[in-house]
Every structure is written in structure tokens, then in C-alpha cells.
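Report on the following structure.
Number of protein chains: 4
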Amino acid sequence: MNKVRVGIAGLGRLGKLHAENIAFKIPNAELTAACSIAPEELEYATEHFGVTDVYTDFYEMLDKADIDVVAVVTTSGEHCWQIKAALDAGKHVFCDKPLGVTVNECKTAEAAVERHPELTFFLGFMRRYDPSYAYAKKKIQEGAIGKPYMVKAAGIDPEALVEGAVKFAATSGGIFIDMAIHDIDLMRWLLESDPVEVYAAGATFKHPEFREAGDDETGAAMYKCENGALGFVHVGRTAAHGYHVETEIIGTEGSLRISPVPEKNLCMIYDENGAVTECVSGFAERFAEAYLLEMKEFINCVQSGTKPDVTVYDGTKSTQIGFATTEAWKKGCTAKIQY
Amino acid sequence: MNKVRVGIAGLGRLGKLHAENIAFKIPNAELTAACSIAPEELEYATEHFGVTDVYTDFYEMLDKADIDVVAVVTTSGEHCWQIKAALDAGKHVFCDKPLGVTVNECKTAEAAVERHPELTFFLGFMRRYDPSYAYAKKKIQEGAIGKPYMVKAAGIDPEALVEGAVKFAATSGGIFIDMAIHDIDLMRWLLESDPVEVYAAGATFKHPEFREAGDDETGAAMYKCENGALGFVHVGRTAAHGYHVETEIIGTEGSLRISPVPEKNLCMIYDENGAVTECVSGFAERFAEAYLLEMKEFINCVQSGTKPDVTVYDGTKSTQIGFATTEAWKKGCTAKIQY
Amino acid sequence: MNKVRVGIAGLGRLGKLHAENIAFKIPNAELTAACSIAPEELEYATEHFGVTDVYTDFYEMLDKADIDVVAVVTTSGEHCWQIKAALDAGKHVFCDKPLGVTVNECKTAEAAVERHPELTFFLGFMRRYDPSYAYAKKKIQEGAIGKPYMVKAAGIDPEALVEGAVKFAATSGGIFIDMAIHDIDLMRWLLESDPVEVYAAGATFKHPEFREAGDDETGAAMYKCENGALGFVHVGRTAAHGYHVETEIIGTEGSLRISPVPEKNLCMIYDENGAVTECVSGFAERFAEAYLLEMKEFINCVQSGTKPDVTVYDGTKSTQIGFATTEAWKKGCTAKIQY
Amino acid sequence: MNKVRVGIAGLGRLGKLHAENIAFKIPNAELTAACSIAPEELEYATEHFGVTDVYTDFYEMLDKADIDVVAVVTTSGEHCWQIKAALDAGKHVFCDKPLGVTVNECKTAEAAVERHPELTFFLGFMRRYDPSYAYAKKKIQEGAIGKPYMVKAAGIDPEALVEGAVKFAATSGGIFIDMAIHDIDLMRWLLESDPVEVYAAGATFKHPEFREAGDDETGAAMYKCENGALGFVHVGRTAAHGYHVETEIIGTEGSLRISPVPEKNLCMIYDENGAVTECVSGFAERFAEAYLLEMKEFINCVQSGTKPDVTVYDGTKSTQIGFATTEAWKKGCTAKIQY
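Chains as they are written, first to last, in full-length UniProt numbering: chain L, 1 to 339; chain F, 1 to 339; chain W, 1 to 339; chain U, 1 to 339.
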């Protein structure tokens with residue numbers, strides 16, 4: 001069994017998580033190179049993963065490193081050009097979400113992917129690989145709820161992240177670009193239809209700093225889809241109980257609900273507060289398995305030549321929807337969603 | 001302890017339920033008269049509740065019956081003139097929801113209530129009296145979730161009621177008038193703010209009969225409130241598992257959720273399907289206690305002269321919101337809500 | 001519809017609860033007389049229920065009061081002679097649990113019941129009438145779990161009651177007599193078999209006062225039944241979260257579980273503790289409906305002449321099992337259960 | 001980072017699971033040798049894990065293979081002599097539960113462990129490493145429930161395994177040896193006290209084959225511990241809903257409960273059955289993470305020289321308790337537990 005050799009670009013919090021999975025938890029992959037503009041991230045790669053083939057220049061890694069694959073986990077603004085460069089250098093590409101920060105960029109990435117049908121491109125919408133979400137999709141495909149026609153989604157960060165989010169507010173693109181992209185992808189994936197119109201609004205009741213920075217603390221968006229299905233997405237930043245990601249899918253014969261209680265584990269406590277289930281603290285805890293499973297799937301796709309379920313077009317579309325939602329939110333009206 | 005003497009108008013399904021509560025379950029009330037245009041309903045009143053003072057004409061009951069109070073449980077179109085007539089005849093009035101079917105009617109009722117400050121007028125938004133909803137309100141008032149700023153509500157009838165709903169579709173006013181009025185009232189009550197704009201949509205994926213009758217199977221509406229709070233209401237008619245009423249209230253310091261699993265009782269079964277909680281079959285089962293508690297509260301208000309929490313204006317406003325929602329749904333756009 | 005006229009004996013906490021149900025919540029019953037050795041209880045009856053026909057002597061009530069029925073809610077030691085006296089005076093009898101405090105007493109009550117087949121005798125094992133327990137029984141009878149062969153039961157009082165329980169410890173008969181009688185009855189009822197051997201133990205880890213008074217804080221008993229089925233009963237007095245009554249019934253094809261979370265209502269809170277369900281505070285809150293439904297059933301039995309499901313022999317047997325359990329607990333060994 | 005070289009003995013279902021973890025999921029371990037009397041198991045090792053250094057003789061592996069560690073996953077009867085031989089050959093040892101099938105054997109293993117304080121011995125009570133159980137232990141150590149004084153445990157295999165269990169019944173040692181060993185270990189671990197007396201019983205209501213083979217379908221045992229704490233263990237083989245492992249720990253200030261609903265994942269379905277949570281199908285699914293985490297812990301102990309929390313004495317004691325429980329079950333009486 002030959003191992004797929006991976007070079008990782010970006011070793012921030014999420015990059016480290018991916019690197020750990022590639023280096024230690026995927027039998028048919030090995031982490032052989034790393035690229036970062038931050039020297040301490042490269043030191044980390046050497047220390048923790050024994051990666052000595054390190055680069056500060058992305059092109060140099062493409063040129064010199066002994067790799068089959070590039071895992072792009074840099075900041076969002078770098079994604080598209082790195083995808084293009086890596087594909088054109090003959091490397092398979094894993095890229096974390098979002099695909100890009102402008103639709104034009106996304107189109108560039110699309111073109112690169114289309115130029116290289118011989119290579120695997122994988123977009124990191126990891127929630128699709130979470131066992132509970134994957135199970136929901138399977139149940140839908142088996143007909144357990146008939147025809148799905150409505151998705152209600154919530155994604156709420158824990159209060160603990162507020163300070164960082166405020167600092168980041170000016171450049172994040174706002175709450176819908178920053179936070180709703182996963183929910184939007186899930187909605188499209190579960191409904192098998194694209195939204196064509198959106199109405200959105202935001203609210204800030206606790207941290208006026210968000211408003212001051214042109215952002216909001218909470219966002220809500222309602223979608224009408226091409227096939228008549230409906231969607232509702234609620235994103236927020238101030239959950240007291242932890243990290244809350246919940247999705248409901250309603251079909252003609254039943255409905256599915258994923259994690260209404262984002263439980264930390266299967267241990268419940270009965271104490272003076274009542275019957276208490278403690279909750280997960282953040283995305284890394286909630287989606288640890290999903291991050292691993294998506295990377296396994298990517299490596300398997302590379303080895304087998306099968307195409308992943310999630311495509312570059314899913315990336316462009318979620319970005320387009322994110323922008324239309326942001327427009328509706330900013331203008332306080334409805335917006336048509338163009339593809 | 002003198003008993004409050006009640007004359008009931010309307011003895012359909014809900015009328016019978018109220019009559020039973022008044023006759024047998026409220027110590028300080030007695031059912032002494034009944035009015036209906038259906039002779040079999042009057043026979044029912046005599047047989048089951050021993051009420052022999054029966055009328056086919058509402059005015060005649062007001063004129064002749066030995067009653068302090070009228071309970072109006074007739075069809076919605078009759079509510080307002082009966083409220084007016086009863087108040088002008090010096091009777092306290094309990095009226096089931098909705099207040100009326102047009103805003104003009106509601107204004108007539110408002111005027112009558114204002115003309116008679118000495119009399120108690122009580123509008124039957126019974127969900128406010130359900131122990132779980134009342135508890136949620138109490139928790140909010142105690143500050144348990146800080147400032148509430150978002151309500152997400154769902155009200156879904158069981159599939160079993162579809163046939164009747166289709167038959168009734170042409171005259172019901174559509175799904176938002178027909179079904180969302182309780183959720184709208186809860187939203188206003190829990191947020192303590194009125195919605196000023198609405199976006200709405202409908203969907204029909206199972207029973208095309210609804211569309212043919214100008215109605216929809218499912219409705220979704222998103223609201224912006226005066227104080228910046230947000231609301232989302234989802235109503236439907238095809239729940240496979242029973243009768244589903246669920247509400248979530250999100251505040252700056254926490255959130256509350258009422259009945260995500262509309263459990264029939266506290267008995268769970270583990271069988272080949274998994275761990276199963278059976279669900280309530282309809283509103284009469286889910287809100288049995290709420291119907292009793294609201295009527296007790298009304299009778300207590302009559303005796304003590306205290307004013308009920310729910311007012312005639314709540315009735316008008318929920319009607320206005322219902323109409324604006326219907327407009328948004330029909331036109332496929334947003335609508336401003338005027339009061 | 002003639003009303004069944006009830007005289008109540010004993011107006012302590014539970015007596016008041018029964019009196020309220022009889023007086024106000026059961027259409028075909030009326031509370032017409034009351035008997036108590038405590039003058040303030042008789043005043044309460046007059047004030048709250050308008051009962052003016054009051055007695056300090058039980059025999060005098062039997063002799064003079066205009067009643068069809070006696071509801072015996074006195075202290076346990078008075079139950080059996082009052083049952084006997086009331087039946088011999090031609091009155092139907094409702095008696096709260098336990099039937100009696102000695103087996104001999106119970107046999108006297110049995111004889112009286114047998115002497116009067118024309119009269120209704122009803123023993124207040126109200127849990128059988130709780131909607132969740134009644135539903136479990138119905139599911140079993142419908143075959144939902146096949147043949148039931150094991151019951152695991154827990155009954156734990158809230159910490160708040162500890163002080164009273166310690167005070168009462170010397171005379172209560174100990175934790176199994178005092179607390180396990182309901183669980184024992186449920187076990188027999190759900191398994192449809194009688195236990196023939198018991199092993200029991202107690203523990204005191206928080207309030208040494210219980211041990212000093214010859215009692216225990218927690219009790220556990222394991223039973224083998226005549227038909228080979230098994231039972232386990234856990235009783236305690238120090239639940240931090242409220243009043244916890246839980247029962248599991250295991251059958252050949254599935255299992256049932258009643259109230260693993262003794263929820264106060266359907267409102268859940270998400271706050272810094274996690275996802276929290278508040279719990280009921282005591283038996284009066286948990287079994288409010290059961291107390292009402294058992295009394296309604298009794299009154300219906302009186303009127304229709306049908307025999308109640310629960311019999312005087314259920315009372316004797318639960319007492320015998322309670323004593324055998326106590327023996328096993330005190331001696332630290334197994335005990336045979338004789339009937 | 002040097003990798004710990006592991007030779008595995010036994011590659012049945014559980015052996016394969018451990019081999020997979022060692023080979024692919026633990027960065028600081030590598031699977032370098034395998035031993036089995038079944039040729040197809042050795043082929044499996046070569047094919048799936050690339051292990052070419054294979055043996056049919058355990059001693060030969062100890063003698064020739066380039067290994068630091070032996071993982072003993074053979075049938076229970078082989079455990080103790082292999083532990084002894086491996087330790088005496090200077091290898092660290094991981095041994096799956098149970099330690100042995102007789103107390104004498106266990107004592108031999110104890111002596112070997114004591115002879116080699118320089119080596120790590122790790123006993124595979126993997127449930128202790130399950131995140132939910134580990135969390136429960138941590139909460140107890142933090143004082144969240146005060147002093148724990150009662151454990152109630154259930155371990156029920158899915159109906160699907162019945163056929164195999166019947167076939168194995170004659171030689172398995174009976175239901176308590178076969179199934180209760182994990183629950184017994186958890187009870188000791190969570191209560192921090194050893195049971196000194198046990199009362200036990202079995203029942204067979206569905207598959208008479210168990211009785212015919214001298215075994216039982218269901219077992220129940222109640223324990224008194226040295227410090228006065230109490231335990232109850234229920235094991236069974238016929239769960240309709242899947243694999244059910246549940247534990248409750250009751251303390252002076254609260255209680256903990258682990259997996260009352262052995263959910264497959266976080267996806268719930270609402271359908272005509274009600275609100276349904278599907279359940280795990282078996283131990284490999286339920287404890288996948290625990291198996292990995294225990295092996296990681298073992299490898300870390302080997303590298304760091306720290307001693308694992310679980311000791312060889314835990315293995316002996318659980319065996320002794322298992323035998324005493326079996327005696328009580330067989331004789332239908334209580335049994336003292338000797339250590």
C-alpha cells in the first residue's frame with residue numbers, strides 16, 4: 001500500500017488539526033511537507049509531525065517537495081490562487097472551506113479544477129462527513145422521511161469566542177459569510193435544491209461592539225429554493241451552553257433532527273440544577289471525527305480516482321448564497337440569488 | 001363562595017371542551033346556559049352538563065339567561081359581534097381565539113371592551129396558560145436568559161387532520177390565519193415587542209389539494225420586531241409523529257425550549273425501532289391543562305376584578321400580523337405590519 | 001346524575017389533596033362530611049370546601065353523616081379498623097396506602113371486604129392511575145414488550161424532606177415500609193407475579209441521624225418472583241434534583257421506562273450549566289393527576305358497581321413484602337416472603 | 001520519537017480491532033509482529049497491516065520478534081500464562097479482559113507483574129477509557145456528586161448475538177463470568193470500594209436453550225461493599241433495540257448516569273412511531289473510541305514509565321467477584337466475596 005504524500009499549507013488552529021490527522025490517523029497518508037509564512041508553525045510541524053521539508057513559499061513547495069497532494073488550510077483569501085497553482089503543478093488538492101472570498105476567485109478555482117479532470121479536488125465541508133449528518137443524508141436517500149422540503153439550521157458559537165469575533169469583525173465579511181457557510185451547504189445538500197431568494201436580518205443585543213464594527217451578533221435568513229423547498233438559517237455568537245450546531249430536515253413522511261442538545265458525551269448529571277447534559281465547547285470538539293473522516297475520504301478518492309461527493313461548484317454556490325444573504329441583511333430586504 | 005354563572009355560545013369540539021371544564025372542573029363556576037344553532041349541541045349540553053336553559057338565539061340568551069358571563073366559542077366570524085353584544089348586555093366575556101376575522105371587526109370589539117372597563121374581557125390564547133409556556137415566561141421575567149431577542153416557533157398538525165383541512169382550505173383564510181395565530185401571539189408575548197415587517201413563503205409537497213384550494217401545506221414566516229428582535233414561525237399540516245408545537249426563545253444569557261419532543265407521557269419504549277417516545281395526537285391532548293387553567297384564570301378575574309394578562313389588543317394585533325403574513329405569502333415578498 | 005356523597009377521614013396534607021379533588025374536580029362526587037381529631041383540619045374543611053357536617057369521632061360520622069362513601073386518609077395505624085367500621089356501616093371505602101401497619105390488621109380489613117361484596121373497596125395505589133404508568137401497563141397488555149420479566153424501580157425523595165424523615169424515623173417502620181410500598185405494588189402489578197424471596201441492604205452516607213434512629217438513608221432490595229421474574233427496588237431520601245420516581249420494565253421483546261428524567265414540565269433551559277431540565281419537587285406535583293384519576297375511578301366504581309383493579313389483597317401483599325424486605329435489611333440476609 | 005514495537009497475540013474480532021488501532025491510529029506505536037494458531041489470522045495481519053513477522057507459537061514470537069510489547073488478545077484461558085511468559089521475556093504487556101479464568105491463574109499473573117516492576121502491565125478494561133465513563137470518574141473526583149455510594153449498572157447484548165451465546169454457553173463460565181466483568185470493574189472503580197457480599201439470580205424467559213446449557217438469559221446481582229456502598233448489576237442477552245450499556249452512580253450530592261439511551265449518533269427521527277433515537281448495534285460500535293484510547297494510554301505508559309490506573313489486582317478481584325456472583329446465582333443464595 002503506497003501512502004499518499006501530503007504537503008500542508010497553513011498550520012493555524014485548523015491546519016494543526018488537519019496535520020495531526022494526516023500524520024497520525026490515516027494509514028494511507030503521510031505528511032511530508034509543510035508551508036507557512038509563520039516560522040513557529042513550521043517549527044511545530046517539525047517538532048510534532050517530524051516534517052523537515054518545510055517552506056515559506058507556496059510555489060517553492062509545489063516545485064520542490066515530494067508530494068502528491070496539497071492540503072490548503074491557509075486564510076480564506078489565499079485559497080483560490082493556491083488551488084489553481086497546486087492543480088496546475090499536478091497536485092491533488094484538499095481545500096478547507098470557504099472556497100474563496102469573491103465569486104470571481106471561485107470561478108478561477110472552478111476553471112482550474114475543470115482543466116484537471118485527472119486530479120482530485122476536495123472541498124472541506126466537513127459537516128457532511130460527521131457521522132450524524134452522514135446518517136441523516138443516508139436516511140433521506142433511503143426514503144425515511146419521504147421528500148425533504150424544509151431545512152432549519154442553527155449554528156451558534158460559544159460566548160467564549162466573542163472577543164476574537166469582534167476583533168475579526170471588520171474583515172470577516174460579516175456574520176453570514178463568516179458563520180453561515182456550513183449551514184448553507186448543508187441546506188443545499190439535504191434539500192437537493194438551490195435557494196433562489198433570501199430574506200435576512202441581524203440583531204445585536206449583548207455586544208454593541210459588533211454593530212460598531214458593521215457586523216451583527218446574530219443573523220437569521222430565510223430561503224426559497226428552486227424546487228419550492230424552504231430554508232431557515234440562524235447563526236449567532238453568544239451561546240451560554242457551548243457550541244450549538246443543530247439542523248432539522250422536514251420531509252413529506254417524517255423529519256430528522258441532528259443534535260438539538262449538543263452533548264459533550266453520554267454522561268448526564270442530576271444535581272441541584274436538575275437533569276443536566278453538558279455541551280461541547282467548540283467546533284474542534286464537536287466535529288473532531290468529521291475532520292478525520294473527510295480527510296480519509298479525500299485520501300481514498302486520490303488513491304482510487306473516484307470523485308468526491310462535494311465539488312468545487314458547491315464552494316462557489318455557497319459563496320454566492322453567502323453574498324446574497326449578506327446583501328439582504330445589509331439592505332434589509334430580499335435578494336435574488338444568482339448562480 | 002358565589003359561583004360565576006356561565007352561558008356558553010357554541011358547543012362544537014372546543015365548545016364541549018370548555019363546557020366540560022366550566023361545568024365540572026372549576027369550583028367557582030357553573031354552566032347555567034347554552035346557545036347554539038345546532039339542536040344536537042343543545043341536547044348534548046342538557047345530557048352531559050345538565051344545562052336546561054338553552055337557546056338558539058344569542059341575543060335571547062343575553063336577555064333571558066341567569067348568567068354573569070358569556071363564553072364565546074362560536075365560529076370565528078361570529079366572535080366580534082357576540083363580544084360586543086354580550087359586553088353591552090353587561091356580561092363578562094371569554095372569547096376563544098382568534099378575536100375576529102377582519103381588523104375592522106376587531107376594532108369593534110376593542111371599542112366595546114373600552115366602553116365597559118367594569119367588565120372582564122378574556123381572549124383565549126390558552127398556550128400562555130400551559131404550564132410549560134407559563135414557566136418559560138416566568139423564567140424570562142426572572143432574568144434566566146437575560147434579554148430575549150429571538151423566537152423560533154413551530155406548530156404542525158398531525159397528518160390525520162389533512163382531509164378536514166383541505167375541505168376547510170377555501171374559507172380558512174389560509175395557513176397563516178388558520179394556524180399561525182397562536183405562534184404569533186407567543187412570539188409577541190415572549191419577546192415583548194411587536195413585529196413590524198414579515199417575509200413569508202409556503203410549500204406544498206404532499207397534498208396538491210392545498211395548492212388547488214389556494215392554500216399551502218406548510219408556511220414559513222420571518223419577522224423583524226420593533227425593538228430589533230427576530231422571529232421565525234413554521235406552520236405545517238403533515239406531522240407523521242403527531243401534533244407538534246415547539247418554541248425556542250433565545251436571550252442574551254441563555255435560551256429556553258418548549259417541547260422539542262411533544263411526548264404523550266413519561267413512558268418511553270425501547271424496541272426494534274430504537275428508543276421511542278410516542279407523541280401527543282392533537283391540541284386537545286397537548287393543551288388540556290392549558291384550556292382548564294385559562295378558564296380558571298378568567299373566572300378568577302371575573303370574581304376579583306383583576307384584569308387578565310391577555311387583552312383585546314393582543315387579539316387585534318395577532319390578526320393584523322396574520323393578515324400581513326398572508327399578504328407576504330401570497331405576493332411572495334415582504335410586508336410592513338401596520339397597527 | 002346523582003352525586004356520590006363522600007365523608008373524608010383525615011385532612012392532613014394528603015387528605016386536603018383528596019378533599020380538593022372530591023369537592024371540586026369530580027363531577028359525580030361531592031364532599032359532604034369530614035372527620036378529624038384536629039380542630040383546625042375541620043375548620044379548613046368548612047372554609048375551603050364548605051363542609052359543615054364535621055366530626056371528631058369516626059363512628060359518629062358513620063352513624064350520622066349523609067354519606068355513601070368514606071375516604072380514609074388518616075395515619076396508617078388507623079386504616080384497618082376504619083375500613084372495617086365503615087364497611088360494616090354500609091359505606092363504600094376508599095383507603096389511602098398502606099392498607100395497614102401489621103399483617104393481622106390487613107387480614108381484618110380483608111375479612112370486612114369479603115363480608116361486603118356489595119360494597120366497593122378501593123386501595124389508593126395512585127401510581128397505577130398515573131397516565132404514564134397506566135400507559136405502560138396498557139402497552140404490556142397489548143404485547144409491546146412481550147412477556148415482562150424484570151422490574152427495576154427507584155423512588156427517591158428530595159433532600160428537602162430529610163429533616164421530617166429523620167424525625168419520623170423511629171416510628172415509620174423503616175425505609176422499606178415507609179417508602180418502598182408503591183414500588184413493590186408496581187413491581188407486582190407490572191410483572192403479574194409475586195416475589196417469594198428478598199435480599200436487602202441499606203446505606204447511610206450523608207445523614208448519620210438516620211442510622212442513629214435505626215433507619216437508613218437509602219435502601220436496596222432484590223426480589224425473585226414466583227414465576228422466575230426478578231425485581232430490584234431502590235429507595236432513597238436525598239435526591240439533589242427533586243423527587244425521583246423511575247421504573248423500568250424489561251420484557252422478552254422490548255422494555256419500557258417511565259420518567260428517567262422527572263421533568264417539571266416541557267420547558268428546557270440552555271445556560272452555562274448545559275442543557276438543563278428542571279425536575280418535580282415532590283409527590284404532590286408528580287402525581288397530581290394520578291390522585292385525581294384514582295378518585296374518579298373509585299367514584300365510578302361506586303356508581304357502576306364494577307370492581308376496581310386494585311384489591312384489598314394487593315394491600316396485604318405489599319405489606320407482607322414490605323415486612324419481609326425489612327427483615328432482610330435488618331438481618332443482612334435473604335428472607336422468604338410468606339403470603 | 002521512537003515508536004513502540006508491538007507483537008499481537010490473537011487476531012479474532014477483538015484482536016483485529018486492537019491491531020488496526022496499533023497499526024494505524026497510534027502515532028507512537030507500530031505493529032511489527034503477530035501470533036496466532038489460525039493461519040488465516042496471520043494472513044490477515046500481513047494483508048491488512050503489512051505484518052510479515054508472524055508466528056504460530058507464542059514463545060517463538062517472544063524469542064525472535066523485534067518487539068517491545070505484547071498485546072494479548074487470545075481466548076481467556078491463555079491470558080495468564082502468556083502474560084507470565086511475556087513479562088519474563090522482558091516485554092511490556094497489554095492483556096484484554098478478563099485477566100484469567102481461575103483465581104489461581106490470576107495469582108500467577110500477579111506474581112509475574114510483581115517480579116517485573118520495570119515493565120508496564122495493562123489490563124484492558126476499556127470502558128474506563130470511554131470518554132463518557134472517564135468524564136464521570138473525573139466529575140466524581142472533582143466532587144460533583146459528593147461521596148458516591150451506589151452504582152446501578154446494566155449490560156445487555158443485542159438479540160442478534162443470542163445464537164452465538166447459546167453455542168458458547170457451556171464453556172463461557174455462565175452469564176456473570178461472561179458478561180458482568182466490565183460492570184463489576186466499573187462498580188469497584190466508581191465506588192472505590194470492594195464488594196464483600198453478593199446475592200444473585202438468573203432468568204430465562206425467551207430462549208430456553210440457555211437454561212438447557214446451564215446458563216441464563218438474564219442475570220441480576222446485588223452487592224454490599226466494604227465501605228457500606230451498594231451495587232446492582234443487570235446483564236442480559238436479548239435487547240431488541242441494540243447494545244445497551246448503562247451505569248448510574250449515586251452520591252451524597254447528586255448522581256451521574258451514562259447512556260440511558262445508547263444512541264447510535266446525534267440524529268433523531270420523528271416518524272409514525274414517535275420521536276425515535278436509533279441505538280448502537282454492539283460493543284465495537286459503542287466502545288470504538290475506548291479501545292483506541294486505552295491502547296494509546298498503554299503505549300504512553302510504556303514510553304513514559306508511568307503506571308496505568310488499572311492494575312493486575314483489578315483483574316484478579318473482578319474475577320473473584322465474578323466467581324462469587326456465579327456461586328450465588330447457581331446456589332440461589334448469598335455468597336461472601338473473598339480476596
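For each residue, glycine too, the CB sits at the ideal point set by N, CA and C.
For A45 (chain W), the uninterrupted alpha helix (DSSP H) run begins and ends at 39-49, by DSSP. Chain F places no beta carbon closer than 7 Å to that of L293 (chain W), leaving this residue out of the contacts. Residues of the same chain with a CB within less than 7 Å of the CB of P158 (chain F), apart from the 5 flanking positions on each side, are A239, G242, Y243, S281, G282 in chain order. Contact annotation: the segment 171-183 of chain L touches the segment 209-216 of chain L, with at least three C-beta pairs closer than 8 Å. Per DSSP, the continuous alpha helix (DSSP H) segment holding S318 (chain U) begins and ends at 312-331. The C-beta distance from T334 (chain W) to T325 (chain U) rounds to 15 Å, too long to fall under 8 Å, and the pair is not in contact. The C-alpha of E294 (chain F) is placed about 15 Å away from the C-alpha of P98 (chain F).
Scanning its chain for C-beta atoms nearer than 7 Å, with the 5 sequence neighbours on each side dropped, one finds around K264 (chain W) the residues E278, C279, V280, in chain order.
Nearest to S132 (chain U) by C-alpha distance, out of L:E110, L:L266, L:K137, is L:L266. Within chain U, the residues I269, Y270, D271 have their CB atoms less than 7 Å from the CB of G254 (chain L), given in chain order. With respect to the 7 Å criterion, A71 (chain F) and V4 (chain F) are not classified as neighbours on the basis of their beta carbons. About 5 Å separates the CB atoms of E226 (chain W) and S193 (chain W); that is less than 8 Å, so the two are in contact. Here DSSP, grouped into helix, strand and coil, assigns Y199 (chain W) to strand. For E105 (chain F), the three-state secondary structure derived from DSSP is helix.
Residues of the segment 128-139 of chain L with a C-beta atom less than 7 Å from some C-beta of chain U are P131, S132, Y135, A136, K139, listed in chain order. Residue-level contact check: T326 (chain L) does not touch chain W, since none of the beta carbons of chain W fall below 7 Å from its beta carbon.
With its beta carbon at least 7 Å from every one in chain L, F287 (chain U) lies outside the interface. Out of L:Y129, L:A200, L:P148, L:G254, the CA that lies nearest to the CA of E289 (chain L) is found in L:Y129. Interface with chain F (7 Å Cβ-Cβ cutoff): E278 (chain U) is included. Secondary structure of F232 (chain U) (DSSP, three-state): strand. With 16 or more other Cβ atoms from the protein chains shown falling within 10 Å of its own Cβ, G100 (chain U) counts as buried. Going by C-alpha positions, A23 (chain W) is about 14 Å away from D68 (chain W). Contact note: N265 (chain L) reaches chain U through P131, S132, Y135, using a C-beta cutoff of 8 Å and chain order.
The beta carbon of F323 (chain W) sits closer than 8 Å to those of V103, I177, all from its chain and outside the five residues before and after it, given in chain order.
For secondary structure counted as the beta strand (DSSP E) over 3 or more consecutive residues, the segment 134-203 of chain U holds these complete runs in sequence order: 148-158, 195-203.
In the structure shown, I258 (chain F) adopts extended strand secondary structure according to DSSP, grouped into three states. A239 (chain F) is bridged by DSSP to F:P158.
In this structure, Y223 (chain W) and V245 (chain W) do not form a Cβ contact; the two beta carbons are roughly 18 Å apart against a cut-off of 8 Å. Interface residue (Cβ-Cβ distance to chain U less than 7 Å): R188 (chain L) is not classified as such. Using a 10 angstroms sphere on the CB of D314 (chain U), the tally of other CB atoms reaches 16 or more, which defines it as buried.
Taking 7 Å as the CB threshold, P260 (chain U) lines the interface with chain W.
When DSSP states are grouped into helix, strand and coil, K264 (chain F) belongs to the strand group.
Of the residues W:K152, W:Y149, W:D96, the one whose Cα lies closest to the Cα of F125 (chain W) is W:D96.
The C-beta distance from L230 (chain L) to Y149 (chain L) rounds to 7 Å, short enough to fall under 8 Å. Burial is judged here by how many other beta carbons sit within 10 angstroms of a residue's own beta carbon; S36 (chain L) has at least 16 and is buried. DSSP assignment within the segment 57-113 of chain U yields the following whole alpha helix (DSSP H) runs of 4 residues or more, N-terminal first: 58-64, 79-88.
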